[in-house]
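Since the structure comes first, as structure tokens, the remarks are kept for the end.
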Amino acid sequence: MLKEMLENVREKCPLIHNITNYVTVNDCANALLACGGSPIMSDDIEEVEEITTICGGLNINIGTLNQRTIPAMLKAGKKANELGHPVILDPVGAGASALRTETAYTLMEEVKLTVIRGNISEIKTLATGSGTTKGVDADVADKVTEENLVQSAEFAKAFAAKTGAVIAITGAIDIVANAEKAYCIYNGRPEMSGITGTGCQLSAITAAYTTANPDTPLEAAAAAVCLMGICGEIAYERMTDLDGNSSYRNYIIDAVCNVDGETLEKRADYKVL
Amino acid sequence: MLKEMLENVREKCPLIHNITNYVTVNDCANALLACGGSPIMSDDIEEVEEITTICGGLNINIGTLNQRTIPAMLKAGKKANELGHPVILDPVGAGASALRTETAYTLMEEVKLTVIRGNISEIKTLATGSGTTKGVDADVADKVTEENLVQSAEFAKAFAAKTGAVIAITGAIDIVANAEKAYCIYNGRPEMSGITGTGCQLSAITAAYTTANPDTPLEAAAAAVCLMGICGEIAYERMTDLDGNSSYRNYIIDAVCNVDGETLEKRADYKVL
Amino acid sequence: MLKEMLENVREKCPLIHNITNYVTVNDCANALLACGGSPIMSDDIEEVEEITTICGGLNINIGTLNQRTIPAMLKAGKKANELGHPVILDPVGAGASALRTETAYTLMEEVKLTVIRGNISEIKTLATGSGTTKGVDADVADKVTEENLVQSAEFAKAFAAKTGAVIAITGAIDIVANAEKAYCIYNGRPEMSGITGTGCQLSAITAAYTTANPDTPLEAAAAAVCLMGICGEIAYERMTDLDGNSSYRNYIIDAVCNVDGETLEKRADYKVL
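Residue numbers (my numbering), protein chains in the order written: chain A, 1275 to 1547; chain B, 1275 to 1547; chain C, 1275 to 1547.
Structural data, given as structure tokens:
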């Protein structure tokens, strides 16, 4: 399954419209190219509908959002919905400011999202709901562990059921769930959190995977999460004593570039709950 | 000739004002430093005239353009014209949205451009002209090949004659032309398109080359195109099985940093039409 | 002393709010992670107070400033002052445009700064004062050398006395001074100026150091400057003939990631005036 997902990306080379932060945007572009997709970055309200139209999928990342880009995110999201394109939301820093939290809520309300990918804290913020909207039960731990895995997976499923989106919670153990099924993924390295933007890159890659595999968003998102984790492992094996987070960043993108479907299939380490 | 071009850049260390996209801006800055120039990035309308004034050349790149930066591009371009500074236009994504296409047209109409550098699709978009303006015959193929080379070179010359700018069309075969003469350049590697921003970097480097070689814009632009292609080749020779597009990006900029005039002269592979 | 400074950063993992330019922002984020801190980038006026509130320190860098971000810098700075957080100012390009110079003056007037870090030209611009404000005597050379070191250190001390901020002037010899004491630091490599953003990275790291060492801003800033210089040396030792400024950039951040307190202590090369 994972092999096929990867090969569909390489074969179809999906063009992804990214409205994303200026911190990790270059890595997102290179990660998209590395996985077999193609990136366009565009955030002006005058052109986002046209740009989305020529693309296959849309990746909205709210890091370094501002008053100018928020309406562009909404406009692009609605257009992508009209066209039936997958839309990924990366709610970077939801919970850290009212602007980010409210923007994420508005995007959830006004745009049909295919995948929401964030860390447990961001996803919990979104799941608690806003204003009069009652959220799902977000009384889960702040870290997904073996001990709370079943409860965390139930939380992800419930939030997926409520939103209709695939929910991808990434951390030491990743959970990728729709209403019925949760992939719990063990790939990855703790050192990945010492690099800025591995999460942003994963969201961009998830957009490519769901665009190239339109009928199976859950499996496509799970494949993207496995891919990123496995590439973090492969890159780590390459590290020397002199290497640090900057070289590690390069090695991960290099690994995304080089990894094949067999390796993805063989190294994927997950269970389904 | 090429050797002299390169050495003029290293000797004069031209300061280049860049109004450019936030995706590849860091690579543009490092590529400018690598080639022997010096970068300043500035896009606020309040300061662009002053910044352009202290620089030797201006590089305008319309990737991630927005309502705030478009007037700054025009203002800086006009000031650079007043001062007699070379102005490079990189029409990233012209044709992909009306905003980009119209912005490129407006820049062509209101600013005297020294070099326009883009891929064949972008250049064809610009050459078709806007509104009542009749463009040149852009009925050329979507890819420059050995078979259509003469016709493509004629197209580039015609567009150069119409605009007064050197036209640089980059792809598998690059064409750099003024009204009379076209350099057809065979350097480079297909893998360069797997990295975001090699085109943007080339435009920035072209600004440095035309600034340091003010009397020979055609040859300066051709030298910059040869340089980038040769550095793509040198960097590729360094690639290991574990390297991918991220390391390749670093190696190319490293090569720009280390390449000397003799190597540029020796490895340049072009013919003149 | 330096060892303790470094270890405090690694232990406390200070979260730093950065309002910074889009050229070097990714390197600043990775440099902060490498040194043991944690970055948040945010520049929208609607959220900067909240973001500053959840952080420990604030790093304001005026490169690629614009009309939208300048009020956000002021608002964040005032909030950080209220909370007693360290505030670092990196006056990138002060002197190059009125907008940059005036913005730096306004920040100095309205925000209590903990450290101002820039090159000699930027710091001289700030020290000359604006409008009716009489500045300190900035009649020092344009480059700090062994010959003018005493005079340069006196200038830095006088400017520190006037502003109440630690003044960090970086160049071939770095000076880090408060009103009474100046560290003259000899670490670093000339090749560091061939990379974009080593100064920006140092300012971000200085924010982490002063946040984790709140009672000793002078020593914390001096430790950050020594760290950056030493990492430039360590990274340079790793360079091969094929490496250029792009690999050097990666190696420096890698070195920041790997360097320990003993090495910092042992390799630091400074005298106190």
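For each residue, glycine too, the CB sits at the ideal point set by N, CA and C.
Values in this document were obtained by computation on a predicted structure and should not be read as measured data.
{"Item": "Whole beta strand (DSSP E) elements within the stretch 1339-1403 of chain A, 3-residue minimum", "Value": "1361-1364, 1389-1392"}
{"Item": "Straight-line Cα distance separating residue 1294(B) from residue 1348(B)", "Value": "13 Å"}
{"Item": "Separation of residue 1447(B) from residue 1327(A), as counted between CA atoms", "Value": "30 Å"}
{"Item": "Test item: CB-CB of residue 1535(B) and residue 1353(B) under 9 Å", "Value": "no"}
{"Item": "Straight-line gap, residue 1519(C) to residue 1317(C) (C-alpha atoms, nearest Å)", "Value": "29 Å"}
{"Item": "Contact list for the stretch 1276-1310 of chain B against chain C, Cβ threshold 7 Å", "Value": "1296, 1299, 1300, 1303, 1304, 1307, 1308"}
{"Item": "Residue-level contact to chain A via CB, residue 1271(B), 9 Å cutoff", "Value": "Past the edges of chain B, shown from 1275 to 1547, lies residue 1271(B), and the structure says nothing about it."}
{"Item": "Beta carbon proximity, residue 1512(B) to chain C, threshold 9 Å", "Value": "yes"}
{"Item": "7 Å Cβ shell around residue 1405(B) - same chain, five flanking residues per side excluded", "Value": "Because residue 1405(B) carries a pLDDT of 46, less than 50, the predicted location of this residue cannot be relied on, and the following value inherits that uncertainty. Excluding positions up to five away in sequence, the list is empty."}
{"Item": "Contact belief for residue 1443(B) with residue 1378(B) at Cβ below 8 Å, rounded distance in angstroms", "Value": "Actually they are not in contact, since the Cβ atoms of residue 1443(B) and residue 1378(B) sit about 15 Å apart, beyond 8 Å."}
{"Item": "Contact the stretch 1452-1459 of chain C vs the stretch 1493-1505 of chain C: 3+ CB pairs below 8 Å", "Value": "yes"}
{"Item": "Same chain, Cβ closer than 6 Å to residue 1554(B), neighbours up to 5 away in sequence not counted", "Value": "Past the edges of chain B, shown from 1275 to 1547, lies residue 1554(B), and the structure says nothing about it."}
{"Item": "Minimum Cβ-Cβ distance from residue 1534(A) to chain C less than 9 Å", "Value": "no"}
{"Item": "Those residues which DSSP pairs with residue 1546(A) across a bridge", "Value": "1457(A)"}
{"Item": "Where the alpha helix (DSSP H) through residue 1279(A) begins and ends", "Value": "1276-1286"}
{"Item": "Three or more C-beta pairs below 8 Å linking the stretch 1358-1367 of chain B and the stretch 1375-1393 of chain B", "Value": "yes"}
{"Item": "Within-9 Å CB hit, residue 1338(B) to chain A", "Value": "yes"}
{"Item": "C-beta atoms of residue 1531(C) and residue 1473(A) nearer than 9 Å", "Value": "no"}
{"Item": "Where the stretch 1459-1490 of chain C meets chain B: residues whose CB sits under 9 Å from a CB there", "Value": "1467, 1468, 1469, 1470, 1471"}
{"Item": "Neighbour flag for residue 1524(C) against chain A, beta carbons, 9 Å", "Value": "yes"}
{"Item": "Cβ neighbours of residue 1470(B) in the same chain (closer than 7 Å, five flanking residues each side left out)", "Value": "1297, 1298"}
{"Item": "Beta-carbon gap between residue 1355(C) and residue 1481(C) smaller than 9 Å", "Value": "no"}
{"Item": "Under 9 Å between C-beta atoms of residue 1445(C) and residue 1418(C)", "Value": "yes"}
{"Item": "Under the three-state DSSP convention, the category residue 1315(C) falls into", "Value": "strand"}
{"Item": "Boundaries (first-last residue) of the alpha helix (DSSP H) holding residue 1440(A)", "Value": "Element bounds for residue 1440(A): not the alpha helix (DSSP H) but the beta strand (DSSP E), 1440-1443."}
{"Item": "Nearest candidate by alpha-carbon position, reference residue 1332(B), set 1290(B), 1368(B), 1340(B)", "Value": "1290(B)"}
{"Item": "Alpha carbon of residue 1342(B) to alpha carbon of residue 1439(B), nearest angstrom", "Value": "26 Å"}
{"Item": "Residue(s) in a DSSP beta bridge with residue 1450(C)", "Value": "1442(C), 1457(C)"}
{"Item": "Same chain, Cβ closer than 7 Å to residue 1284(A), neighbours up to 5 away in sequence not counted", "Value": "1310"}
{"Item": "Start and end residues, beta strand (DSSP E) containing residue 1256(B)", "Value": "Any property of residue 1256(B) remains undetermined from this structure, which presents chain B solely from 1275 to 1547."}
{"Item": "Sequence-distant residues of its chain with Cβ nearer than 6 Å to residue 1508(B) (five each side left out)", "Value": "1529"}
{"Item": "Where residue 1328(A) sits in the DSSP three-state scheme", "Value": "helix"}
{"Item": "C-beta neighbour in chain C for residue 1416(A), strict 9 Å", "Value": "no"}
{"Item": "Any chain C beta carbon closer than 9 Å to residue 1358(A)", "Value": "no"}
{"Item": "Secondary structure of residue 1487(B), DSSP reduced to three states", "Value": "coil"}
{"Item": "Partners in chain A for residue 1373(B), counting only beta-carbon separations shorter than 7 Å", "Value": "1318, 1320, 1321"}
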